[in-house]
Every structure is written in structure tokens, then in C-alpha cells.
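Counting from 607, one number per residue, gives the positions in the sequence shown under my numbering.
Have a look at the structure below, then the notes.
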Amino acid sequence: MFKHHSALGLATALRPVQPVTLLRPHAAKRAARFFVEKFPGKSLYAVKANPSPDLLKILWDAGVTHYDVASLGEVRLVAATLPGATLCFMHPVKAEEAIAEAYFTYGVKTFSLDTLEELDKIVRATSTDGVPATDLNLLVRLRVSSDHSKLSLASKFGAEPGDIKPLLMAARQASDALGLCFHVGSQAMSPSAYGEAMGRVRDAIVEAAVTVDIVDVGGGFPSWYPGMEPPALEAYFEVIHRSFEALPISYSAELWCEPGRALCAEYASVLVRVEKRRGSELYINDGAYGALFDAAHIGWRYPVKLIREGGSDTREMPFSFYGPTCDDLDHMAGPFELPADVQAGDYIEVGMLGAYGCAMRTGFNGFGVEDRVIVDDEPMASLYAPHLERVAASNVITL
Ligand SMILES: *Cc1c(COP(=O)(O)O)cnc(C)c1O
């Protein structure tokens, strides 16, 4: 892989025709060290946010030892990439065959569930000659509100309060370690999302009167995007720590979290070229079927920056983007603020695509090709989060 010092250096040296994914290993490492050092418990990386083996190795080297996987494909990928990693199968609806292969072939002991049927499935799939396994860590997923999050996860998974007691009692019988988990939704904009969900955890523990060994607060930790500037992550950790300490659980109980976005959003951005301009619409060479799926489908706004030698003196104005395919859906409304004189042939860096961006790329219409280059400049979150630069500069975090 090539290495360059900045997006500008790359654009001027190579004038790339295809979109180029710019990778910033230093940013992923910094995010991982932040969680490893500051989260008051164990941090599992949620692999679906970006399953790149290069990224998995960076996170591992930075001290992330546990991985939240949701499919057999992810189990196999992480096991092959990081043989020493501990895998936790945290999808509440799994194929019985997938559970069996994960347990017997890959040594996966940790599974989540939200129904008695799924519990039966896990017990059957991990039994040997009809004898149930005795080394399972079972995490019961509670349904919690997604009110504070930009992307809801409230309707698909999670046991309802009325079903929790029998489920926890049955899971207690079948497990070595019993846990509770939830997911507040992605890009949770307020720490109180976790405080409120921990209230549901407390209610469940009190009602079922079982011993709980693990509390897993899931993902949802936010990153910085235009118009979405959340409080510092320390404020989230503080609320989680305080509510965990107040739970009626044993002194040795463990606290886990499953960040996806927060560990990898800054890891990658994409350098695109403007092929045509029509008023305030820019036709660029990546889009809805590439790394900009969320920009097209749920109106996510990413930071953008004109990458041109000498820059531009003109004021900024709002633009929308069309992607390269022949499909009308390949449209990103933004608005994306760029200098008013952007023209065909210019390069634009679209930032914060390390999570749910590069992972979504397809080959539709022949446009799936991308080059990947490592750069060592700062990710575009630094435009939105002055604190990031301070953190880097003050060396609070060992790089
Ligand atoms: C997607 C997901 C995560 C990661 O969520 P982020 O919002 O990216 O932090 C964590 N846990 C589970 C169960 C998930 O489905």
C-alpha cells in the first residue's frame, strides 16, 4: 500500500481517477487506546462497523482483545485475522448451525439472546451427546429506547419488560456467567441514553432476583459529523460508571461495552473527484453504492473539504452530490458546504467514513473499484472537535 503525508499531497501527486480510500491507522489506534484506558470496563469492537483485517490488527495491537461478531462470516474472519481474540456472538437471532460451528470450531462461549426459543437453540447447539455445555456466557438483550440516537435500534431486538423475569431465570440455569445487554441505537447524542437504559437493567435485576455477572452497555458511542456534535465521550463513561456502581450486582461483576462507530469512524475518509458541476449539484465518482450509503439512504452528513493546491478564496455554499451510477437513488442531499468555485476536476475529501462507509461498498454498475492509501495527517473530525487536537497535542493518550 502507498503511504502519503496528506490528502492534498496524494491528490496533487497522483490525480487519481478512481475514488481513493485514505486510511489513518494513527486515528484508529488513538480511538482504541482511548477506550482501553478510559472506559471503566472492557471494550469489545463491534466488527460490523468496519471488518477490514488491517483495522482489526490495529485495534488488537492497541489492546482491544474482545470482538462483537454478528455472523459466522465475522466469526471466521476475526478468528483467521486475530487467532488470540475472544469472540462474542452478539446477534440475538442466530442460525443453530452458526452457533454450533462458533462454539465447537472457534471456541465462542459468549452469546446474546432475547427469547426463550433462542436460549433453547443455544443450549441445543452447544450440547455434546445431549449433555448441555457448562461454560456459556449468556447475555439477555433488553429492549431500550433509541430516543437519544440518530439511528434507532429499538424495534428489531430486545426482550420486553414483561418477558424478562422468566428469560433471566432460565438463562441463569443454562449459563456459567449471566449478563444483561442492550443497544441504545447508533450515534447516541446524550449520555442520558445510557443512564436511562441502566434503569431498565436495574429493574430487570430486581424483578428476576438473579445473580448477574456481566452488564454490557452495547454500542452507540458517537463521533463528530456536521450538525451532530455530541458531548465528550468521558461524559458518557462517567454516566455509565456511576449507574453501573449503583446496580444491585456483585463486586466482581464485569462492565462491557461494544463500540463500533467510535473506534473506527476516523480511520478512513474517501478522496473523490468532481466529474461535472450543474449549479449546486456535483457529480462525483463515489456514491450510494460506494462508501456513501448512509449519506444517500438516511441523509447522513459527512464533513467535506476541497483538496486543491492553493485552496480557494471564495465563500462556502451548500452542495448536493450525485454518485457515479446511472441510478437516480445515487443522490446525497447533504447539504455539503464547499467553496463556491468548485468545478469539474477538483478533488473533495469526504471524511469520517471509517464506520458504516467503506464497509458498505458494492460493485454495482462497475464502480466498486477503490484504491487504498495510508496518510498520516489528522482526520476531519479535528475540524469539528477542537478537543481532539488538544488530546493529541497534550499526549494524554500514549500514541
Ligand atoms: C451495531 C452494533 C454495535 C455497534 O454500534 P455503534 O453504534 O457502531 O457503536 C454494538 N453492538 C451491537 C449488538 C450492534 O448491533
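Built from N, CA and C at the ideal position, the CB exists for glycine as well.
Check                                                                                                                                                       : Outcome
Could you tell me if the beta carbon of residue 654 falls within a distance shorter than 7 Å of some heavy atom in ligand 1?                                : yes
Have a look at residue 840 and residue 644 and give me their C-alpha separation to the nearest angstrom.                                                    : 8 Å
Just how far apart, CA to CA, sit residue 918 and residue 955?                                                                                              : 15 Å
If you follow the beta strand (DSSP E) that residue 672 is in, where does it begin and where does it stop?                                                  : 672-675
Is it a yes or a no for the region 935-949 touching the region 854-869, going by three-plus beta-carbon pairs under 8 Å?                                    : no
DSSP three-state label for residue 887, please.                                                                                                             : strand
Please report the straight-line C-alpha distance between residue 774 and residue 678, rounded to a whole angstrom.                                          : 26 Å
Between the alpha carbons of residue 823 and residue 943, how many angstroms are there, rounded?                                                            : 35 Å
For residue 684 and residue 970, I'd like the C-alpha separation in whole angstroms.                                                                        : 27 Å
For the structure I just gave you, are there three or more beta carbon pairs, one from the region 626-639 and one from the region 654-669, closer than 8 Å? : yes
In whole angstroms, give me the CA-to-CA distance for residue 831 and residue 850.                                                                          : 29 Å
So is residue 882 buried or exposed if we call it buried at 16+ other beta carbons inside 10 Å?                                                             : exposed
What did DSSP end up calling residue 830 once you bin it into helix, strand or coil?                                                                        : coil
Is it buried or exposed, residue 967, if we count other Cβ atoms within 10 angstroms and call 16 or more buried?                                            : buried
If we count Cβ pairs, one from each stretch, closer than 8 Å, do we get three or more for the region 785-794 versus the region 733-752?                     : yes
Which partner residues does residue 630 have in the DSSP bridge list?                                                                                       : None, per the DSSP bridge assignment.
Give the secondary structure of residue 667 by DSSP, where H, G and I count as helix, E and B as strand, and everything else as coil.                       : helix
What's the C-alpha gap between residue 894 and residue 627?                                                                                                 : 15 Å
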